[in-house]
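I have placed the structure first, in the form of structure tokens, so that the comments after it can refer back to it.
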Amino acid sequence: MTLGGIFNNVLDSIFLIAQADAAAATPQAASWLMNFMGWVYLLGDPAITTKGLLGSLLTWLKIIGLFSLVAWIGARVLQAIKDRISLPALSGLAAAGLVGGLISILLQVLQSTGRLALPIIGGVSPAIILAILSIIAVVVWLEATLWISMSRRESPGDKLLLIAMHIALAFGMFSGIYIVQNYASTQGIKISILEGIQQGSRMGLTFMGYTALAMLGFRLLQELRRVNPIRTMAIAWLSRKEATRRMWAPYVVTAVFLVVLAFTHWFLQPPRPAEMSRLFVGTLTLLCSLLITLMIIFLSPLSLPTDIQQQTIYTIVSKPVSRLEMIWGRILGYMTLVTLIIALFGGISYIYLIRQVNSTIRLTAAEAESIRSGNPLRATQLDEQAEQLTARMSARVPVKGSLLFRDSRGTPQIKGIDVGQELEYRTHVEGATPSKGIWRFGVISHPFDEVRNMAARDSGKPPGPQQYPILDRRVPVDNFLRAGTLEYVDNQIATLKAQQSKGVKGLESNIEALQTQRRPLANKDAELKAALKAAQTADKQDEINRVQGELALIHSDPFKVEMTFTIYRTTKGRVGEPVFASMKVLNPITSEQYENTFPVREYYTDMQTIPASLLVGSGGFLNIEIQCVSSTQYLGMAESDLFVLASDGSFFWNFFRGLMGVWLQALVLTSIGVFAGTFLSWPVALLTTIAFFIGGQVAFGYLQEFAIQAQTGGGPFESLYRLLSHDNQMADLTPTLAVVTAKTLDSLILPVMSRLVYVVPNFASLDVSNSVADGFAVTNDKMIGNALMAIAYALPFSVAGFFVLKNREVAA
Amino acid sequence: MSQSDIIIEIKNLTKVYRDFWGRPKVQALKALDLQVKRGEIFGLLGPNGSGKTTTIKLLLGLLFPTEGEALIFNEPTTNVAKNERIGYLPEESYLYKFLNAEETLDFYGRLFKISGAERRKRINKLIDMVGLNHARHRQLREYSKGMQRRIGLAQALINDPELVLLDEPTSGLDPIGTAEIKDLILDLKAQGKTIVLSGHLLADMQDICDRIAILHRGELRELGRVQDLLTVQDITQIKVKDLPDSAIDEIRQVIERHNGNLVSVDHPTTTLDELFLRIVRESDQFPGRRHVTDRAKADAGSPNNS
């Protein structure tokens with residue numbers, strides 16, 4: 003097992019050991035220590051985190067802490083170098099360390115490419131020994147430089163911080179070594195002290211990062227006491243005036259928006275009439291996002307550099323204005339402008355959309371009605387179009403299941419049949435065979451585990467252990483069963499009985515109370531059903547309607563399942579004859595099921611209503627199986643193609659949330675722009691902001707690969723070599739001098755660049771316009787998550803801008 | 024002198040400008056030591072590049088000292104709170120050209136958290152004071168240099184500061200404007216404010232400063248009361264009105280008897296500024312016709328004047 007793999011298991015093992023210790027009634031201190039070390043590991047290892055908000059917060063703190071540490075040490079070392087306060091002997095040591103480090107990387111590359119075979123000294127490669135010596139030399143130089151720098155400048159806070167950092171490093175180092183050694187001893191494996199030191203260093207650096215972050219946080223708090231809303235608003239007002247009077251930005255973007263909107267219907271032609279709303283919503287949100295992004299890109303990074311260049315900042319800095327007010331005021335000013343523009347654009351877009359789409363729905367429905375008797379097929383198509391348009395102009399909340407397949411021989415599969423369409427992400431089930439797609443809802447095993455277990459069950463073997471995480475895909479039964487209805491009461495009873503069967507005592511009286519509540523409902527139900535039968539026999543429509551209305555009052559509404567499948571045809575079939583699919587909905591707890599066969603609407607969404615009684619006692623578990631009925635045809639499906647419709651919200655609020663996504667993007671971008679302006683000239687700040695946006699919007703996936711150094715073809719230097727030598731990304735390179743040099747340079751810069759990638763925000767994930775355009779609700783969880791993510795970037799950037807500006811001579 | 028009477032205290036203040044690599048480029052200020060006392064007008068004099076503006080920028084925290092320290096109101100210059108009591112007019116009028124006069128003063132007033140009513144009162148008073156009532160709604164980009172100086176001065180006074188730092192306040196102003204600014208500075212002093220101003224127009228400084236410091240190439244060359252510095256101790260000047268030539272001869276003989284060395288005997292002259300001002304003021308008093316002085320009449324009557 004690799005060291006990384008061991009570390010990933012350490013936390014679990016520590017807690018397991020702790021529990022085992024507790025169970026064995028070993029001394030409480032040992033158990034307590036183990037738990038404590040578990041938390042230390044969780045807090046200290048930069049690559050370990052936990053689930054949920056705590057995990058996100060922890061990761062965020064670790065990254066910000068490490069950046070704070072690098073910034074604090076880097077700033078002081080740079081200042082010391084500029085002040086020429088280092089001793090000549092120390093400078094020599096630093097130079098030796100850097101050269102030694104370079105040589106050690108070169109030696110490692112030569113070894114890995116097979117160009118050089120070095121003897122192993124005491125079980126360790128000479129390259130590693132040289133690397134350790136180099137690191138020691140650089141660390142000694144760093145220590146000495148920092149202490150000399152501290153002694154020359156009166157800064158008790160910084161001295162205290164430096165001491166605290168050393169304590170943090172020592173603590174991290176000790177904990178890392180202890181954890182690794184403890185794990186090794188419990189597992190009966192041998193791990194070298196070097197690996198312990200390596201883990202200790204990682205943890206030590208994280209704890210040092212926390213210390214630096216705490217210090218910066220303390221200084222920020224001190225500054226926050228000075229922040230005044232009146233001054234911040236004044237700076238915001240100035241930024242708005244500057245944007246409107248000097249840059250004319252809002253007028254320009256509004257003019258462009260109106261011009262584009264005026265001609266939208268000329269160039270926006272939906273491929274299918276039902277796609278109209280999707281196309282319009284997507285385009286208008288994109289236009290809004292594009293214009294606002296461009297405005298922010300040109301406003302935010304230019305403001306401060308222009309202020310500094312034109313020296314107007316002198317009259318601000320010489321007033322009692324905090325640097326934080328200067329940063330936050332600007333962000334506030336631009337965001338006020340963004341808010342107003344989004345409100346304007348959003349309002350216009352919404353009115354435009356409603357008028358266009360509603361009018362199309364109305365006209366389509368009217369046309370369908372007019373031709374229904376003469377051309378019923380076309381009328382049905384038009385009905386479907388109108389229905390699809392209406393569905394898209396809503397905010398559906400889907401409950402998604404987990405999909406797996408059975409093939410035509412009934413064998414469980416993770417995927418369906420590949421029909422050879424490379425660009426199609428759906429896989430297929432074959433018509434008129436046992437082949438089917440199965441969506442599972444509930445607290446379920448991962449599809450990989452489930453396919454294996456199903457195969458085992460089919461062959462009468464016991465299922466194996468779970469290897470993948472359990473998925474929670476429960477149907478929110480309580481949302482579907484209306485209180486006071488028969489299904490609601492039945493579900494309550496079933497739930498209590500399920501608890502009772504698990505050994506929970508004292509539920510009899512509750513069950514009895516519910517039974518008492520159920521009896522009149524059941525009697526009335528029987529009565530109404532008999533009345534309905536009689537009315538149907540007598541063909542009394544009014545009576546039928548009345549009884550059905552009364553029945554609806556005591557029953558929960560049926561729930562809806564929506565699905566969108568594609569059809570792959572191996573034969574043309576008959577003109578106008580659809581491909582049929584069958585659906586079986588099964589409550590796996592009560593074994594109640596519902597079946598239906600329906601014609602598949604190509605390119606459109608099919609909707610089936612399922613009786614609410616099927617959910618009774620399900621506990622959120624449900625299986626939905628889809629088969630293709632028509633022979634020689636194939637039904638294409640993917641996991642998100644079928645969902646239970648939990649609710650149908652307002653399109654207005656969903657559209658508003660879509661615009662909020664644009665607003666959050668603008669917030670992050672503004673913070674980056676203002677931050678860049680605190681230390682860069684305006685052209686460089688502008689380019690930096692653009693680079694951040696492109697990196698986060700277009701190239702985030704690539705950057706993620708870069709962060710984990712998983713890109714094929716090596717780093718930038720190796721890629722350049724491949725480009726020039728016409729070697730493809732997969733080809734093994736001969737270890738020539740050029741290749742070794744390129745790999746060495748990559749080894750130097752890749753670790754640094756891969757860490758820097760973490761500062762690029764994922765702009766694309768803040769954009770929720772696709773969900774809005776598809777008629778899916780942007781949920782509160784998604785909005786809160788996005789808002790937190792935006793703040794997680796905007797806040798550190800703005801605070802970093804404050805520290806840069808605070809330590810910058812604006813008149814230099 | 025109590026500590027509270029010292030408004031500015033500069034100790035060993037040194038500023039070295041460095042290049043990107045940290046190599047010293049210019050030593051703008053060398054170990055400056057001085058104090059400014061409450062209620063005085065203190066002038067920083069020197070040719071271009073002598074370190075006057077650098078000193079003011081260091082006092083305001085726009086620059087950080089390489090060595091030494093400066094205290095204002097006994098607070099370090101990095102303390103932003105001290106700026107509550109300071110008014111600053113930069114060397115050039117670095118104001119936001121897209122704002123008009125009212126907006127400019129309102130904006131700076133808000134930075135001092137002055138209430139709305141009080142702001143409006145001060146804005147009207149200051150615009151009146153600097154004579155920009157006619158242009159209060161025009162954006163500053165339309166202002167002449169003199170007008171920009173005036174609104175710059177108004178913004179420096181919006182918070183009714185205890186200490187006013189004026190970097191070349193009369194730069195770009197015509198003689199009338201210069202005189203008005205000088206009067207204003209004296210008025211501020213009368214209100215008990217402390218004023219530090221820099222410049223190289225000696226006549227202006229001489230008129231209004233209580234004490235001056237003369238800087239050259241970043242070093243303090245002279246410091247003291249203006250009167251003391253300008254008095255030439257080894258030369259005695261006697262000014263007499265309506266003295267006949269015979270009496271002048273007698274005085275000459277008396278000086279010779281006492282082994283004195285007569286440097287010159289002449290009639291005192293005024294400065295060009297004063298002459299120009301007198302002419303302008305006289306023409307204001309008698310608009311529409313040229314007012315001729317006695318000397319001009321005499322010149323006009325001379326035979327050489329055709």
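Read top to bottom, the protein sequences are chains D and W.
Counted the way my numbering counts, the first sequence spans residues 3 to 814.
Counted the way my numbering counts, the second sequence spans residues 24 to 329.
For each residue, glycine too, the CB sits at the ideal point set by N, CA and C.
What you are looking at is a predicted structure, and each value in this text was computed from that prediction instead of being measured.
On the DSSP bridge list, what partners appear for W:Glu92? W:Lys34
With three or more C-beta pairs closer than 8 Å as the rule, is the stretch 472-488 of chain D touching the stretch 427-445 of chain D? yes
Taking beta-carbon pairs under 7 Å, can you tell me which members of the stretch 212-233 of chain D lie near chain W? Arg228, Asn230, Ile232, Arg233
Any C-beta of chain D sitting closer than 7 Å to the C-beta of W:Phe130? yes
Relative to the alpha-carbon of D:Ser574, which residue among D:Ser558, D:Gln517, D:Ser620, D:Gln635 has its alpha-carbon at the smallest distance? A small correction: the amino acid at residue 574 of chain D is Lys; Ser does not occupy that position in the sequence shown. With distances taken between Cα atoms, D:Lys574 lies closest to D:Gln635.
Taking the alpha-carbon positions, what's the D:Ile19 to D:Met565 distance? Note that D:Ile19 scores a pLDDT of 42, beneath 50, so its modelled location is shaky and nothing firm can be said.
Would you tell me roughly how many angstroms separate the C-alpha atoms of W:His314 and W:Pro198, rounded to the nearest one? Low per-residue confidence applies at W:His314: pLDDT is 45, beneath 50, and the placement is therefore not dependable, though the value from the model is reported in the following sentence. Going from the Cα of W:His314 to the Cα of W:Pro198 covers about 20 Å.
Among W:Gly169, W:Ile146, W:Phe135, which one has its Cα closest to the Cα of W:Val103? W:Phe135
Taking the beta carbon of W:Val277 as the centre, do at least 16 other beta carbons fall within 10 Å, making it buried, or is it exposed? exposed
Contact criterion: CB-CB distance below 7 Å. Does D:Ala24 meet it with respect to chain W? Unreliable positioning characterises D:Ala24 in this predicted model, as indicated by a pLDDT of 42, which lies under 50. The coordinate reading is nonetheless provided below. False, the Cβ-Cβ gap to chain W never drops below 7 Å.
Is W:Val219 close to chain D, meaning its C-beta is less than 7 Å from at least one C-beta of that chain? no
Are the stretch 235-244 of chain W and the stretch 204-212 of chain W touching by the rule of at least three beta carbon pairs closer than 8 Å? no
If you count every other CB in all the chains shown that lies within 10 Å of the CB of D:Pro29, and 16 or more means buried, which is it? For D:Pro29, the predicted structure reports a pLDDT of 43, less than 50, and the residue's modelled location is therefore unreliable. The matter cannot be settled from this model.
If we ignore side chains and look at the alpha-carbon of each, how far apart do D:Thr738 and D:Gly125 end up? 28 Å
Using the Cβ count rule (16 or more neighbours within 10 Å means buried), how would you classify D:Asn809? exposed
Contact list for D:Val812 against chain W, beta-carbon separation under 8 Å: Leu85
CB contact flag (D:Arg247, W:Phe121, <7 Å): yes
Is W:Leu36 buried or exposed, if buried means 16 or more other CB atoms sit within 10 Å of its CB? buried
Residue span of the beta strand (DSSP E) that contains D:Ile626, given as start and end: 624-630
Got a sec: which bits of the stretch 61-91 of chain W sit with their beta carbon under 8 Å from any beta carbon on chain D, in order along the chain? Lys80, Leu83, Gly84, Leu85, Leu86, Phe87
When burial is assigned at 16 or more other CB atoms within 10 Å of the CB, is W:Asn71 buried or exposed? exposed
Check whether D:Ile607 and D:Lys562 have beta carbons under 7 Å apart: Strictly speaking, residue 607 of chain D in this sequence is Thr, with Ile absent from that position. No, the Cβ-Cβ distance between D:Thr607 and D:Lys562 is not below 7 Å.
What does the Cβ neighbour count give for D:Gln201, buried or exposed, with the cut at 16 atoms within 10 Å? buried
Contacting residues, own chain, Cβ-Cβ under 7 Å from W:Gly195 (five flanking each side not counted): Lys168, Gly169, Arg172
Quick check: the stretch 721-739 of chain D against the stretch 86-101 of chain D, are there 3 or more CB pairs under 8 Å? no
Mind listing the chain W neighbours of D:Ala236? Cutoff is C-beta to C-beta under 7 Å, in chain order. Phe130, Arg133, Leu134
Buried versus exposed, by CB contacts within 10 Å (16 or more), D:Lys192: exposed
Under 7 Å between C-beta atoms of D:Gln387 and D:Pro252: no
So with CB distances below 8 Å, who are the chain D contacts of W:Ala104? Arg228, Pro322
Per DSSP, which one or two residues make a beta bridge with D:Met585? D:Asn598, D:Ile628
Whether D:Leu488 touches D:Asp527 by CB criterion (7 Å): yes
So, at 8 Å on beta carbons, what are the nonlocal neighbours of D:Ile513 in its own chain, with the 5 sequence-adjacent residues on each side left out? Ile495, Leu498, Lys499, Gln502
Output needed for D:Leu807: all residues of its chain with C-beta closer than 6 Å, excluding positions within five of it in sequence on either side, in chain order. Arg325, Thr680
Let me know if D:Ile710 comes out buried or exposed under the rule of 16 or more other beta-carbons within 10 Å of its beta-carbon. exposed
Could you pull out every residue in the same chain whose Cβ sits closer than 6 Å to the Cβ of W:Pro113, ignoring the five residues on either side in sequence? Asp190
Contact set for D:Gln113: own chain, Cβ-Cβ below 8 Å, skip 5 residues either direction: Ala119, Leu120, Ser127, Ala129
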